[in-house]
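Colleague: Going by the working numbering, the first residue of the sequence shown is number 4, and it counts up by one from there. Backbone N, C-alpha and C define an ideal beta-carbon position, used for all residues, glycine too. This one's a predicted model, so the numbers in the text were calculated from it and none came from an experiment. Take this structure first; my questions come after.
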Amino acid sequence: MTKKIIIGGLLLSLQCLIAQNPLVTDIFTADPTARVFDGKLYVYPSHDIVPKEGVEAPRFCMPDYHMYSLENGNTWKDYGVILDQNQVPWGKKDSNGMWAPDCIKKGDWYYYFYPAEPADQSAFRRIGVGISKSPTGPFKWEKNYIAEVSGIDPGLLLDDDNKAYLYYGGGQDLFVAPLKDNMIEVAAKPIKVEGLPAGYKEGSFPIKINDLYYLTFAHVFPNEGYTIGYATSKSPLGPFEYRGKIMDNISNGTNHHSIVNYEGKWILFYHWWDISGYNKLRSIRADYLEMDDKGGFKKVKPTMRGIGSPTIGEKIEVDRYNEINNANTNFVGGIEPIGWMVCDTKMMSNVKFNEVNFDDGSATKMEARIACGQRIGHFEVRLDNPKGKLIADFPVKYTGGWNLWETIETKLLEKVTGKQNIVVVFIGEHGMEKIVNLNWLLLKK
Ligand code: FUB
């Protein structure tokens, strides 16, 4: 069935990590904690896998952690496995319970907090710490879990006075404890965070903005399911006051998330399961988030476009559009790496993709990855709107079928600089149901 084909395709595919949604398509990732360290954006997610045949595994099967950094504004670099479950000094072997992690910088050191099932069976999850001089590791893993702390979803806050707080919990209650300077011990007994609404579920992400402490968390409503909510307080220890939703339910099983301010813009990182079709095999995503004038968050609607500005030499995945008219998107077929295409293109169908970075104007050509089972028509690339300045024109080429892919190239007709919105306009004959399938565009020097 489709899900199996999709998962098989995903596991066989080449890496394709871009800043459109979902961010990672070669493995399943969830629970993204995003952090900016020294101006660079990093994401510390968890990792969902399909359990091996015959292996008894929990419903979420999560054996290790990868991590990513954003490169050149549009590409996510994967650092590989930074911690495997069987490296956890105090962990139960092969328990597949490496749930949502976090990482925080204090002084010159980076502290990676993660939950795992303890070998001593003293709790459902304990929380461990790894320490490194670099945000990408290698981390030195502490021999023991943090005493007095049992629960999931560590969320870390470093206050202006350099005191760190560990939030954790799941189910109905969230707890908080100040950490000692060494970051591996609690400085006081954890207390329950008061003031969160009924339906608080898990995944708290703490952040301080303009002297106010914010907690964002998965919040479940009986008639709606998982949403993302937030609450604020004047103290890191609470009590907190519920302020509303950041995201409505998106047919998700869970919605662990984080928020970060990167280059002056707020971004919400969250997960969905749009590749697998199964809510235990999730994929991380990011969308811009705005604050209102009362210090609240405006609701975010998930987009496919996500964040990121592809520049010269990087694929412009037009199927992750800002706007589409009279065309569709679907999974690519044939032997292409997993991804999506613009398809069902008819006379004057168009697709808009904002914020392409033409940089210094040194691109002279554009490539297009197409599959086409007919010979009539062309497609244009214009600035801003379907009647905007024409910058490239591709004659349609027969590639042998609608699943057989070729890269074609044309000259740029104008010198274009900086970030621009582009629109691809498809032109054939009236009545045609398919002009061309388009996977991506790319600017070249
Ligand atoms: O990914 C496993 C668990 O599901 C996380 O720890 C929760 O926040 C939820 O996303």
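Would you list, in sequence order, the uninterrupted beta strand (DSSP E) runs of no fewer than 3 residues that lie entirely inside the region 61-120?
Modeller: 67-74, 78-87, 105-109 and 112-119
Colleague: Can we count Asp34 as close to ligand 3, meaning its CB is less than 7 Å from some heavy atom?
Modeller: The model on display carries ligand 1 but not ligand 3.
Colleague: Which residues in the same chain have their Cβ closer than 7 Å to the Cβ of Thr235, if we skip the five residues on either side of it in sequence?
Modeller: Leu215, Tyr216, Tyr217, Phe243, Glu244 and Arg246
Colleague: Pull the bridge partners of Gly228 from the DSSP assignment, please.
Modeller: Phe224
Colleague: Taking the alpha carbon of Ala36 as the reference point, which residue from Leu240, Tyr82, Ala22 and Ala103 has its own alpha carbon closest?
Modeller: The amino acid occupying residue 36 in the given sequence is Thr; Ala does not appear at that position. Comparing Cα-Cα distances from Thr36 to each of Leu240, Tyr82, Ala22 and Ala103, the minimum goes to Ala103.
Colleague: Indicate whether the contact test is met: 3 or more Cβ pairs, each with one atom in the region 53-70 and one in the region 78-89, closer than 8 Å.
Modeller: These segments touch.
Colleague: Going by other Cβ atoms of all chains shown within 10 Å of its Cβ, with 16 needed for buried, is Gly431 buried or exposed?
Modeller: buried
Colleague: Any heavy atom of ligand 1 inside 7 Å of the beta-carbon of Trp102?
Modeller: yes
Colleague: Can the beta-carbon of Asn162 be found less than 8 Å from the beta-carbon of Pro54?
Modeller: The question names Asn, but residue 162 in the sequence shown is Asp. Against a cut-off of 8 Å, the Cβ pair of Pro54 and Asp162 comes out as no contact.
Colleague: Going by DSSP in three states, Lys193 sits in which element: helix, strand or coil?
Modeller: Looking at the sequence provided, one finds Pro at residue 193 rather than Lys. Note: Pro193 maps to coil in three-state DSSP.
Colleague: Using the Cα positions of Gly376 and Gly404, report the straight-line distance between them to the nearest angstrom.
Modeller: 4 Å
Colleague: What did DSSP end up calling Tyr281 once you bin it into helix, strand or coil?
Modeller: coil
Colleague: Anyone know if the C-beta pair for Gly133 and Phe208 falls short of 8 Å?
Modeller: no
Colleague: Quick check: the region 254-263 against the region 272-290, are at least 3 beta-carbon pairs closer than 8 Å?
Modeller: A contact exists between the region 272-290 and the region 254-263.
Colleague: Rounded to whole angstroms, what is the Cα-Cα separation between Ile52 and Leu284?
Modeller: 7 Å
Colleague: Decide if Ala150 is buried, meaning its Cβ has at least 16 other Cβ atoms within 10 Å, or exposed.
Modeller: exposed
Colleague: Out of His381, Ser365, Asp362 and Asp363, which has the shortest C-alpha to C-alpha gap to Ala371?
Modeller: His381
Colleague: Between the region 358-369 and the region 400-415, are three or more C-beta pairs nearer than 8 Å?
Modeller: yes
Colleague: If you count every other CB in all the chains shown that lies within 10 Å of the CB of Ala289, and 16 or more means buried, which is it?
Modeller: buried
Colleague: Cβ of Tyr114 within 8 Å of Cβ of Arg129?
Modeller: The answer is no: Cβ separation not under 8 Å.
Colleague: Figure out for me which residue from Gly202, Ala180 and Lys422 has the closest Cα to the Cα of Lys192.
Modeller: With distances taken between Cα atoms, Lys192 lies closest to Ala180.
Colleague: Across which residues does DSSP place Phe40 in a beta bridge pair?
Modeller: Lys43
Colleague: When you compare only the Cα positions, how much space is there between Lys248 and Lys418?
Modeller: 44 Å
Colleague: Hey, out of Ser98, Gly94, Ala119 and Lys95, whose CA is closest to Asp105's CA?
Modeller: Ala119
Colleague: Since Val196 and Gly241 are thought to touch, with beta carbons under 8 Å apart, how far apart are those beta carbons, to the nearest angstrom?
Modeller: 5 Å
Colleague: Under the assumption that Thr314 contacts Gly76 (Cβ atoms under 8 Å), give the Cβ distance between them as a whole number of angstroms.
Modeller: 7 Å
Colleague: Please classify Arg1 as buried or exposed, where buried requires at least 16 other C-beta atoms within 10 Å of its C-beta.
Modeller: Nothing in the structure corresponds to residue 1, since the chain is present only between 4 and 448.
Colleague: Alpha carbon to alpha carbon, how far is Phe40 from Val426?
Modeller: 35 Å
Colleague: Would you mind stating whether Val399 and Val439 have Cβ atoms separated by less than 8 Å?
Modeller: yes
Colleague: Grab me the residues of Asn329's own chain with a C-beta within less than 6 Å of its C-beta, minus the 5 sequence neighbours each way, in chain order.
Modeller: Lys349 and Ser352
Colleague: Indicate whether Val359 and Gln423 have their beta-carbon atoms separated by less than 8 Å.
Modeller: yes
Colleague: Pull the bridge partners of Met250 from the DSSP assignment, please.
Modeller: Ile231
Colleague: Taking 7 Å as the cut-off, is the beta-carbon of Glu120 closer than that to any non-hydrogen atom of ligand 1?
Modeller: no
Colleague: Which term fits Gln90, buried or exposed, when burial requires 16 or more other beta carbons within 10 angstroms of its beta carbon?
Modeller: exposed
Colleague: Are the beta-carbon atoms belonging to Val46 and Ile287 less than 8 Å from one another?
Modeller: yes
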